[in-house]
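Each step along the sequence shown adds one to the number in my numbering, with nothing skipped, and position 41 is 69.
Below is one structure, written out as structure tokens; the observations come after it.
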Amino acid sequence: MKTAVEFKETQFSYILLSFLALFVGIIAFSGYQNKGGWAIILLLVVILVAVFYKLTTVIDDYGIVASFGIGFLNRRMNFQEMDVSTIQLIDIPWYYGIGIRYTSAGIIYNTKHNKAIRIVSKDRKKVFLVGTDHYEEIKSILLQKNN
Numbered sequence: 029m030k031t032a033v034e035f036k037e038t039q040f041s042y043i044l045l046s047f048l049a050l051f052v053g054i055i056a057f058s059g060y061q062n063k064g065g066w067a068i069i070l071l072l073v074v075i076l077v078a079v080f081y082k083l084t085t086v087i088d089d090y091g092i093v094a095s096f097g098i099g100f101l102n103r104r105m106n107f108q109e110m111d112v113s114t115i116q117l118i119d120i121p122w123y124y125g126i127g128i129r130y131t132s133a134g135i136i137y138n139t140k141h142n143k144a145i146r147i148v149s150k151d152r153k154k155v156f157l158v159g160t161d162h163y164e165e166i167k168s169i170l171l172q173k174n175n
């Protein structure tokens with residue numbers, strides 16, 4: 029059964045994509061003759077980029093979900109478990125890095141340093157923390173869906 033999408037935000041990890049381009053450029057233009065060793069490293073970098081190149085945040089009929097890249101790594105919080113009174117905007121310092129990180133505010137999914145939305149579950153055991161450029165819009169939809 030297909031669910032209705034209320035909100036969708038896709039953020040690309042330009043830092044990671046730039047790193048891949050730089051890495052490929054270094055390999056391509058280096059005078060190193062044995063490129064076989066680089067092929068394994070390049071394959072690992074391509075897999076890493078495929079997993080983390082974008083972050084998609086979706087609000088559907090059941091809750092909010094954030095997923096990286098091709099969707100292997102995702103985090104979901106359903107409306108039933110969400111305590112909407114805990115929704116808050118978090119400033120993400122540069123030293124938190126990008127990707128999936130353990131922080132004092134919870135496990136964060138992000139592709140850049142800036143802002144994140146933080147939601148805590150009613151039982152206080154689960155934290156949903158994801159980088160976003162659309163905090164107010166997400167908060168408004170979540171409050172509306174929980175009423």
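Ideal placement from N, C-alpha and C gives every residue a C-beta, glycine not left out.
Keep in mind it's a predicted model, so treat the numbers as computed, not measured.
Please check the pair K143 and T160, which I expect to be a contact at CB under 8 Å, by giving their CB distance rounded to whole angstroms. 6 Å
How long is the line joining the alpha carbons of I128 and Y42, rounded to whole angstroms? 16 Å
Completely contained beta strand (DSSP E) runs for the segment 101 to 144, where each covers 3 or more residues: 102 to 106, 110 to 119, 127 to 131 and 134 to 138
Using DSSP with H/G/I as helix, E/B as strand and the rest coil, what is S46? helix
Hey, would you say A67 sits closer than 8 Å to V158, going by beta carbons? no
Within 10 angstroms of its Cβ, does V148 collect 16 or more other Cβ (buried), or is it exposed? buried
Is K82 helix, strand or coil by DSSP? strand
If we count the other Cβ atoms within 10 Å of its Cβ and call it buried at 16 or more, is R103 buried or exposed? buried
Contact check, L170 vs I92, beta carbons under 8 Å: yes
Given a threshold of 16 other Cβ atoms within 10 Å of its Cβ, counted over all protein chains shown, does L177 qualify as buried or as exposed? Look at the range of the chain in this structure, 29 to 175, and you will see that residue 177 is not part of it.
Quick one: is V148 near chain C, going by C-beta distance under 8 Å? Given the protein chain composition of this structure (a single chain), no chain C is represented.
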